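Chains as they are written, first to last, in this note's numbering: chain A, 1028 to 1169; chain B, 719 to 1039.
Using N, Cα and C, we set each Cβ at its ideal position, and we do this for glycine too.
This structure is a prediction, so every number in the text was calculated from the model and none was measured.
Here the structure is laid out as structure tokens; the discussion comes afterwards.
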């Protein structure tokens, strides 16, 4: 029992520096946290704009059809602080996007993480927008 | 688990607790050697050509202090926290906020004295987001982040550029590219029958403090528009709202910001929020492309609502069969 208590106290102690989440309700109005999605495709365009960056990708479906998707990311300052640059996602880059589907059944998703062809990952800075905490946010601590 | 590991964990916990307790400000505490220190000359702000204290520059207030005092009572020696309360951005930017328990500094318990009807209205709007644009906040409609709501810290774009010209102070907010033009020449407020989303602001200087008094609000807005304000997001404004902001230059890189909010139709007593604004001339403010109506978002949110309605209809039909 004493052992367990000390683990709990130490754990809580580490959480002392945790900061409050910003859970924007607009996320849940627009995207569905219960519909995670994985999109594999090529970048056609990146809009690095405030308040949300948009990454446009062409996704090839199994039947060969190419469908255009739009993936929402965070604000430019937030992305740049995460190591994103204007050249991070050049047109033609092959990427895997993980995120959450739009509720209105359109080809849009809120992006959580992008995996590039070389295996490196870019967090899309959607924390602060109410996206669920699924362990992808490098800033998350549990 | 071995005794050594247990001991290390206790030491670690004690160090972390000790560090956080050490930085909690206690109002009555005076430095023990106060009598011996030499008198410190108060800092004097440079002036603009027309004699106003110079507040100009790029100011940020990314701040992870909770808006209201968290609900759980602390165990002795341990700060409360809710598991999973984490944010990516706030850590990236150095926040120099004093270790307050909440941004709400008055009432002393850090809780806003909101009337039940206002919370009921907020809850109703939240439950009907898919029904109409009317239930979405003014920020989501790209109208305004409100005054003073626009200065409450949030996860991104908590940046303000202050400019001064003879007779005016202008605050440009990164969010929704809003610009407040505040006269400091002593002119009166507009007549009472004129009502504005963000009220009518008049400024005056008291020493190095810019005091901005805002009246003439309409009842269309919300006092807070971002989720970091917790349950205050979506609480309505009434025409009785009266706001007094104080921007005090305390040194070349810090403005102490404090706002007193009074709205007898919504709150049982006045309340105050305070936080520092920190200068950062290296911060680049990006154009905020959010335009009134926010068509993309609204179509998406309401479209989703219509799909949900359809699905519910289908489910009901199938049940009847």
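- Under the Cβ distance rule, residue 1140(A) does not count among the residues neighbouring chain B, no pair being separated by less than 8 Å.
- Secondary structure note for residue 776(B): its beta strand (DSSP E) is the uninterrupted segment 775–778.
- No Cβ of chain B is located within less than 8 Å of the beta carbon of residue 1061(A).
- The residue from 1107(A), 1089(A) and 1110(A) with its alpha-carbon nearest to that of residue 1066(A) is 1089(A).
- Ranked by how close their Cα comes to the Cα of residue 1107(A), the residues 1019(B), 1034(B), 1020(B) and 1004(B) have 1004(B) in first place.
- Annotation: Cβ neighbours of residue 1131(A) in chain B (cutoff 9 Å, chain order): 1017, 1018, 1019, 1020, 1021, 1022, 1023, 1024 and 1025.
- The alpha carbon of residue 960(B) has as its nearest neighbour, out of 878(B), 931(B) and 951(B), the alpha carbon of 931(B).
- Secondary structure within the region 917–1005 of chain B: the beta strand (DSSP E) runs of 3 or more consecutive residues, fully enclosed, are 918–924, 927–933, 960–969, 972–980 and 989–997 (chain order).
- Bounds of any alpha helix (DSSP H) do not take in residue 1065(A); it lies within the beta strand (DSSP E) bounded by 1058–1074.
- In summary, residue 842(B) is exposed, with fewer than 16 beta-carbon neighbours lying within 10 Å of its beta-carbon over all protein chains present.
- For residue 875(B), at least one C-beta of chain A is nearer than 8 Å to its own C-beta.
- Of the other Cβ atoms in all chains shown, 16 or more fall within 10 Å of the Cβ of residue 943(B); this residue is therefore buried.
- Of all C-beta pairs linking the region 1130–1139 of chain A to the region 892–912 of chain B, fewer than three are shorter than 8 Å, placing the two stretches out of contact.
- Sixteen is the threshold: since fewer than 16 other Cβ atoms of the shown chains lie within 10 Å of the Cβ of residue 1114(A), the residue is exposed.
- Within 10 angstroms of the beta-carbon of residue 981(B) lie 16 or more other beta-carbons, which makes it buried.
- Chain-order list of chain A residues neighbouring residue 1005(B): 1077, by C-beta distance under 7 Å.
- Bounds of the beta strand (DSSP E) holding residue 881(B) are 877–883.
- Using a Cβ-Cβ cut-off of 8 Å, residue 995(B) does not count as an interface residue toward chain A, since no Cβ of chain A sits closer than that to its own.
- Judged by DSSP secondary structure, residue 844(B) falls within the alpha helix (DSSP H) whose first and last residues are 834–845.
- In the structure shown, the three-state DSSP call for residue 1054(A) is helix.
- Residues of the region 1088–1120 of chain A with a C-beta atom less than 7 Å from some C-beta of chain B are 1101, 1102, 1103, 1104, 1105 and 1108, listed in chain order.
- Beta-bridge annotation (DSSP): residue 886(B) is paired with 883(B) and 901(B).
- Comparing alpha carbon positions, the residue from 1094(A), 1056(A), 1073(A) and 1096(A) closest to residue 1102(A) is 1073(A).
- Distances from the alpha-carbon of residue 1000(B) to those of 855(B), 879(B) and 850(B) put 879(B) closest.
- Spatial neighbours of residue 1144(A) in its own chain (CB-CB distance under 8 Å, excluding positions within 5 residues in sequence) are listed in chain order as 1120, 1121 and 1122.
- For residue 1096(A), the pairing in a beta bridge is given by DSSP as 1084(A).
- Judged by DSSP secondary structure, residue 1020(B) falls within the alpha helix (DSSP H) whose first and last residues are 1013–1038.
- Cβ neighbours of residue 827(B) within its own chain (closer than 8 Å, five residues either side excluded): 787.
- Annotation: the continuous beta strand (DSSP E) that includes residue 1137(A) extends over 1135–1143.
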